[in-house]
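Undergrad: This structure is in structure tokens; I'll ask about it shortly.
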């Protein structure tokens with residue numbers, strides 16, 4: 243009696259490829275929904291900035307514009323000092339970003355590369371700054387600024403914005419410096435390079451992607467800052483964009499919405515373009531900063 247052969251019998255299909263396909267489809271659907279939720283308000287804002295005031299007030303605010311006009315942009319510059327607001331935001335953003343990069347790189351280099359006694363304690367104290375709310379510094383800073391003559395200046399906004407962004411910047415730079423092989427520093431030291439030369443000729447050129455990441459991440463927070471500007475700025479000539487948008491609110495809370503959306507589009511577009519251009523470098527900086535060894 244011969245034994246039955248199982249060679250030609252159909253094998254049970256594995257459920258793993260089907261499960262992976264379902265998971266991939268769910269993940270794709272989730273990403274699409276997130277993109278729609280994030281992009282739709284931006285698209286709606288740009289479309290509304292080209293609508294006429296009567297069309298926006300009389301029709302459905304979320305419908306397609308019946309006609310397009312550039313009058314909102316001219317009215318946005320005429321109603322408020324939008325050009326000066328943009329210049330002030332640029333000064334504050336560039337100044338704070340420069341301070342963040344310079345101080346953050348040096349602090350991270352000292353903590354991660356040079357090393358010293360109690361460096362771990364100093365790093366931990368810096369990291370505690372992440373959980374400190376900015377509101378607790380408003381009254382003490384206002385009093386100190388009024389005593390030393392820094393109130394109602396660009397520095398009154400640059401200093402606290404840079405200080406509260408420093409912990410995360412030090413963390414990103416320290417993580418990246420830990421990724422650089424120690425042999426690179428040892429070889430430079432054997433060649434007679436000191437700490438300053440190692441920092442300027444080795445560490446700084448390798449940190450370009452991380453610098454872009456730090457600048458972009460903090461620039462969004464600095465560009466949109468309202469609380470420090472509203473507390474320390476007293477004159478109209480130093481108002482940044484978030485403060486300048488208050489000029490479009492008239493009596494009894496009456497707001498010129500189409501001009502406001504046009505002003506917001508003008509203020510958002512430069513930062514959006516920079517982010518799109520440097521997006522790849524930012525992602526590489528985050529990946530290198532989050533990877534060790």
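Residue numbers (my numbering): 243 to 535. Cβ coordinates follow ideal geometry from the N, Cα and C atoms, glycine included. All of these numbers come straight from a predicted model, not from anything done at the bench.
#1: Run the CB neighbour count on residue 267, radius 10 Å, all protein chains shown included, and call it buried at 16 or more, exposed below.
#2: Rounded C-beta distance between residue 396 and residue 337? I'm assuming under 8 Å.
#3: Return helix, strand or coil for residue 497, following the three-state DSSP convention.
#4: CA-CA distance, residue 343 and residue 304?
#5: Between which two residues does the alpha helix (DSSP H) containing residue 454 stretch?
#6: Taking DSSP as the reference, what is the three-state secondary structure of residue 356?
#7: For residue 409, count neighbouring Cβ atoms within 10 angstroms of its own Cβ and tell me buried if that reaches 16, exposed if not.
#8: Pick helix, strand or coil for residue 508, following the three-state DSSP scheme.
#9: Quick check on residue 362: buried or exposed, where buried means 16 or more other Cβ atoms within 10 Å of its Cβ?
#10: Does the beta carbon of residue 333 sit closer than 7 Å to a beta carbon anywhere in chain E?
#11: Given this structure, state the Cα-to-Cα distance separating residue 291 from residue 503, to the nearest angstrom.
#12: Quick check: the Cα distance between residue 517 and residue 507, rounded to an integer number of angstroms?
#13: Taking the continuous alpha helix (DSSP H) assigned at residue 297, which residues delimit it?
#14: Alpha carbon to alpha carbon, how far is residue 474 from residue 509?
#15: Could you check where the alpha helix (DSSP H) with residue 336 kicks off and where it finishes?
#16: My output table needs one value for residue 423: the three-state DSSP class, helix, strand or coil.
#17: Per DSSP, what kind of secondary structure is residue 286 in: helix, strand or coil?
TA: The short version:
#1: Classification for residue 267: exposed.
#2: 7 Å between Cβ atoms; contact.
#3: Under the three-state reduction of DSSP, residue 497 is assigned to strand.
#4: Distance between the alpha carbons of residue 343 and residue 304 is about 42 Å.
#5: Note, residue 454: alpha helix (DSSP H), 450-465.
#6: Looking at residue 356 - three-state DSSP - the assignment turns out to be helix.
#7: So residue 409 counts as buried.
#8: Here residue 508 sits in helix by DSSP.
#9: Taking every protein chain shown into account, the CB of residue 362 has fewer than 16 other CB atoms within 10 angstroms, so this residue is exposed.
#10: No chain E is present in this structure, which holds just one protein chain.
#11: Take the alpha-carbon of residue 291 and the one of residue 503: they are about 5 Å apart.
#12: C-alpha separation (whole angstroms): 15 Å.
#13: For residue 297, the uninterrupted alpha helix (DSSP H) run begins and ends at 295-300, by DSSP.
#14: One C-alpha to the other measures close to 21 Å.
#15: Taken as a continuous stretch (DSSP letters only), the alpha helix (DSSP H) holding residue 336 covers 324-350.
#16: DSSP places residue 423 in the coil class of the three-state scheme, outside both helix and strand.
#17: In this structure, DSSP gives residue 286 a helical state, which the three-state scheme calls helix.
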